[in-house]
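Participant:
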Amino acid sequence: MFPVGPAPWPRLRVLWALWALLVVLLAPWRLWAIQETQECTWQVVLNNLESVGKNDAIDHFVDQELYTVDKVFDLLVDAPIDRDESSEALVRKGHLTGLKPVVLVTFQSPVNFHRWKIEQLQIQMEAAPFRSPAERCDAEEMCLMSWYTPMPIKNGSVVMRVDVSSNGLGPFIPNKRFHVNINGFLERGRDHELQFTVGNELFHLIPRHFVNVPSRPLWYTVDQTPVLILGGIPEEKAILLTDTNFKDFFLVELSIDSCWVGSFYCPQASFTATIYDAIATESTLFIRQNQLIYYFTGTYTTLYENNHGSERWVRVLANECIKRLCPVHFHSNGSEYVMALTTGKNEGYVHFGTITDGLVSFKLLPRDRSVCNAILVDNCSITWAVFIAGDYNLLMLVEIVGPTSSKYFQVVSYDLVSDYLVVLYTIPEFIPDARGLEFLMILGTESYTNFPMVPKGMSYNPYNNLLLIWGNFLLQSFNSENFIYLADFPKELSIKYLVNSFRGDMAIVTENEEIWYLLEGSYQVYQLFPSKAWEVYISLQVLQQSSRYAPNETMVTLFYEDNKLYQLVYLIDNQQGRLIKRLMPVEQLLMYQQISKEYVLERQGSHLTLSFSNFCPFTVMRLQELPNPQIYTRQERYRAQPPHVLEPWGFHSENSLAVYQGLVYYLLSLHSKYDKPYADPVHDPTWRWWKNKKQDQDYYFYLANNWRSAGGVHVDMTSYEKIYDLKAENELPERIFLDKGTSYSFSVFLTTRKPEVQHGPSFQVLSPVDLAVVLADPDCIEAMVKEKVLVNRNSVLFWVTLSDKRSCFDQGISGHHLMKTSMLVKVLGSSGHCFQNTNRGPRMQSNLMVPVLIGCPPGKRLAFDITYTLQYNRVQNKHYFDCVKVDPEMPCFLFRDIFYPFFLIQDLVTGDSGSFQGSYVLKVVGGGPTLDTIKEYSEEEIYRFNSPLDKTGSLIWTTENTTTTEDLAFNIMSHNSLGIEWLCLENSPCHDTIPHNIFAPEFFFKVLVSNRGVDESTYCDYQLTFLLHIHGLPLSARRAFLILLVSASLFVGLVILYIVCCLLSPYMVKVCNILRWKINSIIGLESNYTYSTPSDSRAFSHSGTMSWRSSRLNSRVVYKGAEENKAET
């Protein structure tokens, strides 16, 4: 921290921030026209600072809204601030009883990891109470109030989750999650009103747009898409658009040309304005209308440096006939993908689209020949395509027309790297006869029904390698070759689309709008709607007078959000239509199904008793002994609290909220600047903020206690910190990152219903429940389960350890190219039968799927340990000489000293920092005599300057270590190395460096340190590039001799000149005196001649005689003085 007041501004003069504040309102449902209960819930809206306190003001996150908080921070002249860088009564009750909302903002990592660092970043903020101004207020102190927190943004992130919870005081309010994303398809018009760039907003929802209109899938890149779009509005070139996951939405008419390509190779008979396919990615929207596809790139300056935003919809593949767009749900290699299936002249090809930083490009696959030619058929058509990003493999569902016009389908695999195409599986022509079984393994020996199999699409889950082929059937496979037929799904129905959560379950929507449910790893398919369970649930909602259900409703789409299934439904109630998002109660429906099927009426005495059969094998299931989550989830979290205000009721003002905003942004700025090559003495990003102000902490606290803080605001230094010790919450984390050889352990506690005891020669208690751990890739990870039966508690305790097998991943950059796999923990016989009642409703138990990412986890880095390097070099070399101009951020090292570098492995998530004990390769990859003249070296130059095999005299450095890489090209270093000796041989760039002043030459080396290929202890390819300042470089012999020759010549010349001057000085003085005498004589003679007259000739003669004698005497005196001087010399 820098002291403030008369001191000048430090380096960064203006802190840029979005004037976006998140207002947290505490409101009962009745205030929001939702009449079912009086329970309280959180409501979140986004406000600009100008609209703070206005309860009806709702703003949107537009990427371009940037302002400055310079004026507000000018008020803080005596505070430890580094300026550099609703129900009214219920809300009042909450504030007076100590309620303080806690807001947790989670920033989603960007797609392009080549441009941005991959990190899982969160910031936890406590909301600040703000009293809203009111015209009429009967209360003495306050009427309307809300809580506000800053809503920061982060470069590279356009998707943000906001979790609101209570601090545990005041009324109980359940936690709630909101999605606050940046909408790059909005802009400010000339009247400063927001308007869409993709088209014109329609403000009325017409019933014909939704009533009895078939539902359609919602396609987007999972976890990366800030704006979702949905087409399918009949005879309208309009889409539904939302940046809050349909908490609110807009109906937008698109500004496209609506052309129709009709020719002999485009088999389309009619034209329609309907948008059939719509796909949203991180920055770009894709739509298909008729046989044309368009894309529009949003304006996201936080994603890419240059503005790649579109000015209008771009029609792409204009000369192609596109029959379908296929989504790719996961990004890979820093890009997103979309696929377009063709018909007509290019039948049998796939147009594979790549989106990188908003730039869209398409290529035709397969490259050399069509799929039909590759599988040796004359007539085929690609029905669906799935891209497996991890393997760069394209799976295609191909329809083939045989010679007798019979149709059959094949699954074809195409490798994008090797251009190899192979048929994986031929789908049976008819549906198998399961004969009452839940599933049937397709081996080719089973009997078949007369129902033809009609495949329509495929779905792939990269976490568990589950491939589903769907149509009027369901086939699943974990290796894309051996398939299992799920017989519970009726063959009379036809699936329209699947909705996958990618966390172990999925929803199925049929052509007649039925909804089915499938748990991955099981073989039973459950019907959710229509069903008896749905009728029971609707009856209960009608009794509660719920406004989210109506007799006349149409489902628009079905999608997963935060592992929960949601419906977008159009309701007509009292002749009023509205579009709402509601939760699909999967757990409750499964419970009602179980109860309605398994009950018994038993007579006890004179009356009947209703009893239910519970098929869940346990009564209690708890997760225990969970480790601290951060080391596995890689979540970095900061904590920020609002500054203390000197106001009796504790209410904040606009200025204090602006201060809070600036502090949060500066905290994130410190986080972004911390990723630098030179490690700080203290491994914490906030250390630099307070390092110079800690000694004054008591002084600022004294000022605050005496109400003398500047600006009425006191900032507590301990309120802004990084959290390293988050505790587990008795549930498995959202995902697990595993490095080489690491493991994750936990225990599962189960209380059983019926104990089983085996009597015999030895008394033995058998476990009535069995726990299974299913691994998606057993060649890469392994699980160990240990069991302990607790007889006295009728329980069983299982210890589960998941470990990496050190075999399936090469080294990679932190967070890059991670391998997706998963672990499924399930209690046998409990799928779909076990539920736990919580304050948020029932929750399914017994099936716990956790995605596992194998590779180098995010948040690990290699840093140059400059502190220990200086200390060790000073001890080993017995001295240390820094540069004349000292730079504390980049100390110098002397050329003639042996250089001993040391590095740190720093974990930005857990705060661990220790010496790097592995092996590494050090290379000089660039350099220059000044910072402005540093150049990058080519691969050939890097080899010559660093390889011990170089014979050209170009080595920059050498070492006494004898360990080298396998090809003997480079030296292998470690923390025990003997040090580096600088050479700068004749053909090296640092040889014969010209000095720019009287001091010895200097040189800046750009050094690359990497452990790739030489360190087998980790999956991490630690790559560190830093500048090393070396001074005292020697001159070449030629240049040194030249400088010596010139210097000696100048010295000898000066000596000779001095001697000559000393020898000639008497003669020069004599000549000067004679010249002076002559000049004086001439002047005196002219003066006497001017003032003499002819009548006084005698006087003139006498005067002339006296003047001559006087001059003669003076001449003798001067000459004598000269002789005396000569004698002394």
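Be aware that the sequence shown starts at 22, since it is given in my numbering, and climbs by one per residue. Cβ coordinates follow ideal geometry from the N, Cα and C atoms, glycine included. Values in this document were obtained by computation on a predicted structure and should not be read as measured data.
Under the three-state reduction of DSSP, which class applies to Q141: helix, strand or coil?
Facilitator: Here Q141 sits in strand by DSSP.
Participant: I need the boundaries of the beta strand (DSSP E) containing K743, first residue and last residue.
Facilitator: It spans 741–744 - the beta strand (DSSP E) in which K743 sits, taken as one unbroken run.
Participant: Can you check DSSP and say which residues form a bridge with L631?
Facilitator: L622.
Participant: Expressed to the nearest angstrom, what Euclidean distance is found between the alpha-carbon atoms of K847 and E450?
Facilitator: Roughly 35 Å between the two C-alpha positions.
Participant: For C347, which residues of its own chain have a beta-carbon under 7 Å away from its beta-carbon, when the five flanking residues on both sides are left out?
Facilitator: Closer than 7 Å at Cβ, skipping near neighbours: M360, L362, W405, A406.
Participant: Drop a sphere of 10 angstroms on the beta-carbon of F670, count the other beta-carbons inside from all chains shown, and report buried for 16 or more, exposed for fewer.
Facilitator: Just to set this straight, residue 670 is Trp in the shown sequence, not Phe. That one is exposed.
Participant: Looking at P789 and P638, is the spacing between their C-beta atoms short of 9 Å?
Facilitator: For P638 and P789, yes; Cβs fall inside 9 Å.
Participant: Can you give the Cα-Cα distance for E1037 and P131, rounded to whole angstroms?
Facilitator: Rounded to the nearest angstrom, the two C-alpha atoms are 29 Å apart.
Participant: As a quick exercise: from Q145, L415, I977, pick the residue whose alpha carbon is nearest that of F966.
Facilitator: The candidate whose alpha carbon is nearest that of F966 is I977.
Participant: Assign Y1088 to one of three DSSP states: helix, strand, or coil.
Facilitator: Reduced to three states, the DSSP call for Y1088 is helix.
Participant: Taking the alpha carbon of M612 as the reference point, which residue from Y570, L589, K553 has its own alpha carbon closest?
Facilitator: Nearest of Y570, L589, K553 to M612, Cα basis: K553.
Participant: For E582, write down the residues that DSSP places opposite it in a beta bridge.
Facilitator: E582 is bridged to K585.
Participant: Using a Cβ-Cβ cut-off of 8 Å (strictly less than) and excluding sequence neighbours within five positions of N414, which residues of its own chain qualify?
Facilitator: Correct list, in chain order: F408, S434, Y435, D436, L437.
Participant: Does the separation of the CB atoms of L811 and V817 fall below 9 Å?
Facilitator: Yes, the pair counts as a contact, with Cβ atoms nearer than the cut-off.
Participant: Give the C-beta separation of V577 and L589 to the nearest angstrom, bearing in mind that I take them to be a contact with Cβ-Cβ under 8 Å.
Facilitator: Right, the Cβ-Cβ distance comes to about 4 Å (below 8 Å), so this counts as a contact.
Participant: For E459 and P483, I'd like the C-alpha separation in whole angstroms.
Facilitator: Straight-line Cα distance between these residues: approximately 25 Å.
Participant: So, are the CB atoms of E592 and Y570 less than 9 Å apart?
Facilitator: A small correction: the amino acid at residue 592 is Leu; Glu does not occupy that position in the sequence shown. Yes.
Participant: Taking buried to mean at least 16 other C-beta atoms within 10 Å of its own C-beta, is Q7 buried or exposed?
Facilitator: One cannot answer for residue 7 here, as it falls past the ends of the chain, which runs 22 to 1150.
Participant: May I have the straight-line CA-CA distance separating V381 from R309, to the nearest angstrom?
Facilitator: Approximately 15 Å between the Cα atoms of the pair.
Participant: Is the stretch 627–636 in contact with the stretch 829–847, if contact means three or more CB pairs nearer than 8 Å?
Facilitator: Because the criterion of three Cβ pairs below 8 Å is not met, the stretch 627–636 and the stretch 829–847 do not touch.
Participant: Under the assumption that G1034 contacts T984 (Cβ atoms under 8 Å), give the Cβ distance between them as a whole number of angstroms.
Facilitator: Wrong, their Cβ atoms sit about 13 Å apart, outside the cutoff.
Participant: For L1054 and F1024, which I take to be in contact (beta-carbon distance under 8 Å), what is that distance rounded to the nearest angstrom?
Facilitator: Indeed, because the Cβ distance is near 6 Å, the residues count as touching under 8 Å.
Participant: Please state whether the Cβ-Cβ distance between D746 and Q662 is less than 9 Å.
Facilitator: Not in contact: D746 and Q662 (Cβ atoms no closer than 9 Å).
Participant: Are the stretch 308–323 and the stretch 182–201 touching, with three or more C-beta to C-beta distances below 8 Å?
Facilitator: These segments do not touch.
Participant: Within this structure, are the beta carbons of G411 and T377 separated by less than 9 Å?
Facilitator: Going by C-beta atoms, G411 is not nearer than 9 Å to T377.
Participant: If we count Cβ pairs, one from each stretch, closer than 8 Å, do we get three or more for the stretch 555–564 versus the stretch 512–531?
Facilitator: Because the criterion of three Cβ pairs below 8 Å is not met, the stretch 555–564 and the stretch 512–531 do not touch.
Participant: Can you say whether M181 is buried or exposed, counting buried as having 16 or more other CB atoms within 10 angstroms of its CB?
Facilitator: Buried, because 16 or more other Cβ atoms sit within 10 Å of the Cβ of M181.
Participant: Cα-Cα, which of A1069, P606, Y741 is closest to M865?
Facilitator: Ranking the options by Cα distance to M865, first place goes to P606.
Participant: Which two residues bound the contiguous beta strand (DSSP E) that contains F504?
Facilitator: Element bounds for F504: n/a, residue is neither H nor E.
Participant: On the three-state DSSP scale, how would you describe C1041?
Facilitator: Correct three-state label for C1041: strand.
Participant: Is it buried or exposed for L489, if we count other Cβ within 10 angstroms and need 16 for buried?
Facilitator: When all chains shown are included, L489 counts as buried.
Participant: May I have a chain-ordered list of the alpha helix (DSSP H) segments no shorter than 4 residues that lie completely inside the stretch 923–1003?
Facilitator: With a minimum length of 4 residues, the continuous alpha helix (DSSP H) runs that stay inside the stretch 923–1003 are 960–967.
Participant: Report the CB separation of V419 from Q431 in whole angstroms; it is logged as a contact under 8 Å.
Facilitator: Sure, about 5 Å apart at Cβ, within 8 Å.
Participant: Per the contact definition of three or more C-beta pairs closer than 8 Å, is the stretch 935–944 in contact with the stretch 1070–1079?
Facilitator: Output reads no: the stretch 935–944 does not touch the stretch 1070–1079.
Participant: Just reading off the alpha helix (DSSP H) that C904 is part of, what are its end residues?
Facilitator: Taken as a continuous stretch (DSSP letters only), C904 belongs to no alpha helix (DSSP H), as it is neither H nor E.
Participant: Given a cut-off of 9 Å on the beta-carbon distance, is the pair E1007 and S975 in contact?
Facilitator: Going by C-beta atoms, E1007 is nearer than 9 Å to S975.
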